[in-house]
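Peer 1:
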Amino acid sequence: MKKYTKKELLSIYEKMYLSRKLDEKQLILLKQGKGFFHIGASGHEAAQIAASKFIDTKKDYSYPYYRNQAFCIGLGMTAEEIFLSFLAKEDDPNSSGRQMPQHFSHKNLNIVSQSSPTGTQYLQALGAAFAIQRKDSGGVIYVSSGEGTTSQGDFHEALNWASREKAPVVFHIENNNYAISVPIDEQVSGSSVYNITSGYDSLVRYNIDGCNFFESMLAFSKAFDRSRNGKGPSLVISNVVRLLPHSSSDDHNKYRDPKEIEDDLKRDPLKLFINECDKKYKIDSSNFEKIKVRVDKQIEEKLSWSLDQKDPEPVSFKNNLFSGDWSNIKSKDISYISDKIVMVDAINHALSEELEFNDKMVIYGQDVAGGKGGVFTATRNLTDKFGRSRVFNSPLAESSIVGTAVGMSTLGYKPVVEIQFGDYIWTSMMQIRNELATLRYRSNGDWSCPAVIRVPVGGYIHGSLCHSQSIDGYFTHLPGIVIMYPSNALDAKMMLKTACRINDPVIFLEHKGLYRQGYAATKEPDSNSLSEIGKGAIVNKGSDVTIVTWGAMVQKSIEAANMCKASVEIIDLKYLYPLDFDLVVSSISKTNRVVVVHEDNLNNGFGAEIVARIADACFEYLDAPVKRVASKDYPIAYSSVLENEILVQTDWIISAIKKVLTY
Ligand SMILES: Cc1ncc(C[n+]2csc(CCOP(=O)(O)OP(=O)(O)O)c2C)c(N)n1
Ligand SMILES: [Mg+2]
208 MKKYTKKELL
218 SIYEKMYLSR
228 KLDEKQLILL
238 KQGKGFFHIG
248 ASGHEAAQIA
258 ASKFIDTKKD
268 YSYPYYRNQA
278 FCIGLGMTAE
288 EIFLSFLAKE
298 DDPNSSGRQM
308 PQHFSHKNLN
318 IVSQSSPTGT
328 QYLQALGAAF
338 AIQRKDSGGV
348 IYVSSGEGTT
358 SQGDFHEALN
368 WASREKAPVV
378 FHIENNNYAI
388 SVPIDEQVSG
398 SSVYNITSGY
408 DSLVRYNIDG
418 CNFFESMLAF
428 SKAFDRSRNG
438 KGPSLVISNV
448 VRLLPHSSSD
458 DHNKYRDPKE
468 IEDDLKRDPL
478 KLFINECDKK
488 YKIDSSNFEK
498 IKVRVDKQIE
508 EKLSWSLDQK
518 DPEPVSFKNN
528 LFSGDWSNIK
538 SKDISYISDK
548 IVMVDAINHA
558 LSEELEFNDK
568 MVIYGQDVAG
578 GKGGVFTATR
588 NLTDKFGRSR
598 VFNSPLAESS
608 IVGTAVGMST
618 LGYKPVVEIQ
628 FGDYIWTSMM
638 QIRNELATLR
648 YRSNGDWSCP
658 AVIRVPVGGY
668 IHGSLCHSQS
678 IDGYFTHLPG
688 IVIMYPSNAL
698 DAKMMLKTAC
708 RINDPVIFLE
718 HKGLYRQGYA
728 ATKEPDSNSL
738 SEIGKGAIVN
748 KGSDVTIVTW
758 GAMVQKSIEA
768 ANMCKASVEI
778 IDLKYLYPLD
788 FDLVVSSISK
798 TNRVVVVHED
808 NLNNGFGAEI
818 VARIADACFE
828 YLDAPVKRVA
838 SKDYPIAYSS
848 VLENEILVQT
858 DWIISAIKKV
868 LTY
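Sequential numbering from 208 applies to the sequence shown in our numbering.
Written as structure tokens, this is what we have:
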């Protein structure tokens, strides 16, 4: 049993008390109209300060949830920093005023910016642990949440994969028996997080009284020790009390029994700590009183300083959506290394060359490793060539794939992951929408996650409802992600290599129907050939009408153009974000007529956005209404007869061309 000095114990108390008082102060400020939101750590302080004691901020990383104010103070976050965040000031280290308070982030303390969804942090922490394992730095990743969040699939996915890999993660579940108003018996099977987490190989669990600092120290000491020594993940379930309502927007008197609230006060970790110090170390109460007086005074001074600090500049909302360093990548004259390559092989070669180029790059996904090399063979032979630590299978879990890629890329690795079918990307949507797309922005550039997600998409392969989907319309709506969608082997190779080089997240859409098509096969560009980001191409010059399109519709448009008498200019956008709208405008200014063609179904497809922009920017050039050709608003049926009715056909494009020409 560790012996503590009086100085150590008083310093621990000071941190717990500071967190408690900061909760009180923020709630007062809120009532004074100086802030909008607060979520408190009161009752959780002992377990959190104990956990913080084992973290070495030089090599460990933390993914603390919103109730971890005391933990962050334990790592070194100051009262000024907490106030700057509460007041949404420019110098708020968490987000420069972009996120709600208690969404912690601190570059110097290795606290990785946390978003709001409960549970996404687990898979990111695991990805960060994969990076740590490869760096062999002896670091550990800390990640926490409440007990309610253990109902999220991401939590169990993370336990599974962490156990498989013996990843150095300390999972901390702070069980305060409530998830907002929902009690644990309506949340967790058998009311026991400890029981529902049994059976994961190499995961060791501790179920402790988190109100007791000393007991918490014992558990975390064992947990961190195991992880640091390569023995695998640990789970500490600390049973704590929630002394405040869930947040400043909640009133727990509506759903909690007053007697229970009173009983919780008896387990107040600060009171228990003072009692233990008195009993075991003979430290009398006057010592704690002195700390209280000092901290109270400091808080007032620090608040008054914080109130005087600057708000963010209004124009700063534009900063840090992307890295801003794309100008390094320039198109140049292409040298070719072979006369013909199909698109899937071009993708395979791009991946192989980039694995060679960047030893921090890794590839994973379902079935991507070994002899199979992916269900479409895009990763064939890569495990043989680069080994299992660089090209490996993930569990069958899309959220795991994207979530870990976010974490791994945050710590400097370059995961280029595969989602087997676009139709199944949806279980990773939370990770994409609220994490991958926002990490750089919400941390105002402190953290980023430049992962690449390769996704086979599209129809015309008799794939029915769930192997035919076009998904571009969903992802073009999310600021923060580059979206690439090549239509041929040449572009696929150069664009994918570019995706692997840039410091921003990329969704790379690959049309399954194009993988082995003769018309999408091209000469193969050499390993130095990259593609200028956001540059579309004119693939057919013309003067009567412009077709704006991308992906598999490029070829269909070429076929339609060949079957019309008119002179048709076809633009292959290649990038859906950023969009080469200048190219669209310059073509329409010449042809005065336009058809937008896409494979995704009509309603709310990306064509709607393009057409709206054309209506705004090209009104004076247009001699006919703008037409859209898109698949019908039905799920994609299996029978060829039905599929042909639903997915865009060449004659639909021909008829649209004729309509705008004869208007
Ligand atoms: C994915 C998601 N669903 C719902 C919410 C809204 N929400 C925020 S906190 C919370 C309860 C979490 O409870 P628990 O995990 O027990 O943590 P505690 O707040 O009790 O510490 C809910 C439902 C959210 N932020 N994210
Ligand atoms: Mg809870």
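Every residue, glycine too, gets a C-beta built ideally from N, C-alpha and C.
#1: Return the chain-ordered list of same chain residues with a C-beta closer than 8 Å to the C-beta of Ala768, the five sequence neighbours on each side being excluded.
#2: Does the Cβ of Tyr385 lie closer than 7 Å to at least one heavy atom of ligand 2?
#3: Counting Cβ pairs closer than 8 Å, one from the segment 625-643 and one from the segment 813-829, do we hit at least three?
#4: Does the separation of the CB atoms of Val792 and Val752 fall below 8 Å?
#5: For Ile541 and Ser454, what's the separation of their Cα atoms in angstroms?
#6: Count the other C-beta atoms from every protein chain shown that fall within 10 angstroms of the C-beta of Trp177, then say buried if there are 16 or more, exposed otherwise.
#7: Using a Cβ-based criterion (distance less than 7 Å to any ligand heavy atom), does Gly355 qualify as near ligand 1?
#8: Opposite Thr756 in the DSSP bridges: which residues?
#9: Between the segment 673-685 and the segment 619-634, are three or more C-beta pairs nearer than 8 Å?
#10: Taking C-alpha atoms, which residue in Met568, Asn600, Lys567, Ser596 lies nearest to Gly580?
#11: Ignore the nearest five residues each way along the sequence and tell me which others in Ala365's own chain have a CB closer than 6 Å to its CB.
#12: Quick check on the DSSP output: what are the complete beta strand (DSSP E) runs of length 3 or more inside the segment 406-478, in order along the chain?
#13: Exposed or buried, which one is Pro521 when buried takes at least 16 other CB atoms within 10 Å?
#14: Cutting at 6 Å between CB atoms, please list the residues of its own chain near Gly610, excluding the five before and the five after it.
#15: For Phe158, count neighbouring Cβ atoms within 10 angstroms of its own Cβ and tell me buried if that reaches 16, exposed if not.
#16: Using only alpha-carbon positions, find the residue among Ile740, Gln505, Arg647, Val664 that is nearest to Val582.
#17: Quick check on the DSSP output: the beta strand (DSSP E) that includes Val873 runs from which residue to which?
#18: What is the DSSP secondary structure of Ser352, counted as helix, strand or coil?
#19: What residues are listed by DSSP as bridge partners for Arg661?
#20: Does the distance from the CB of Asn565 to the CB of Cys707 come in under 8 Å?
#21: In this structure, what does DSSP give as the bridge partners for Val801?
#22: So Trp859 and Val836 are supposed to be a Cβ contact under 8 Å. How far apart are they, rounded?
#23: What are the boundary residues of the alpha helix (DSSP H) that includes Asn494?
#24: Can the beta-carbon of Lys719 be found closer than 8 Å to that of Trp757?
#25: Give the DSSP-derived three-state secondary structure of Glu297 in the structure shown.
#26: Classify Ile615 as buried or exposed, calling it buried when 16 or more other Cβ atoms lie within 10 Å of its own Cβ.
#27: Out of Thr705, Asp470, Gln724, point me to the one whose CA is closest to Ser736's CA.
#28: Have a look at Ala553, Gly594, Lys537 and flag the residue whose alpha-carbon is nearest the alpha-carbon of Ser738.
#29: Could you give the C-beta distance for Ser530 and Asn710, rounded to a whole number, given that I count them as a contact under 8 Å?
#30: Just tell me which of Thr212, Arg449, Asp503, Ser545 has its CA closest to the CA of Val180.
#31: Which full runs of the alpha helix (DSSP H) of 4+ residues lie inside the segment 252-317, going along the chain?
#32: Could you give the first and the last residue of the continuous beta strand (DSSP E) run that contains Ala374?
#33: Give a yes or no on whether the C-beta atoms belonging to Leu703 and Ala844 are separated by under 8 Å.
#34: On the three-pair Cβ rule with 8 Å, is the segment 377-397 touching the segment 210-224?
#35: Quick one: grab the DSSP three-state call for Glu561.
#36: With DSSP as the reference, please indicate the residues paired to Thr729 in a beta bridge.
Peer 2: Looking at the coordinates:
#1: Asn747, Gly749, Ile754, Val775, Ile777, Ile864
#2: yes
#3: no
#4: no
#5: 58 Å
#6: One cannot answer for residue 177 here, as it falls past the ends of the chain, which runs 208 to 870.
#7: yes
#8: Asp779
#9: yes
#10: Asn600
#11: Tyr329, Leu330, Leu333
#12: 411-416, 441-446
#13: exposed
#14: Leu330, Gln331, Gln638
#15: Examination of residue 158 is not possible in this model, given that the chain is present from 208 through 870 alone.
#16: Val664
#17: In this structure the chain extends from 208 to 870, so residue 873 is not present and cannot be described.
#18: strand
#19: Glu625, Phe715
#20: yes
#21: Thr753
#22: 5 Å
#23: 492-514
#24: no
#25: coil
#26: Residue identity differs from the one stated: residue 615 is Met in this sequence, not Ile. Classification of Met615: buried, given that the 10 Å Cβ count is 16 or more.
#27: Thr705
#28: Lys537
#29: 4 Å
#30: With the chain covering 208 to 870 only, the question about residue 180 has no answer from this structure.
#31: 252-259, 276-282, 286-293
#32: Ala374 -> no beta strand (DSSP E), and no H or E assigned at all.
#33: no
#34: no
#35: helix
#36: Ile548
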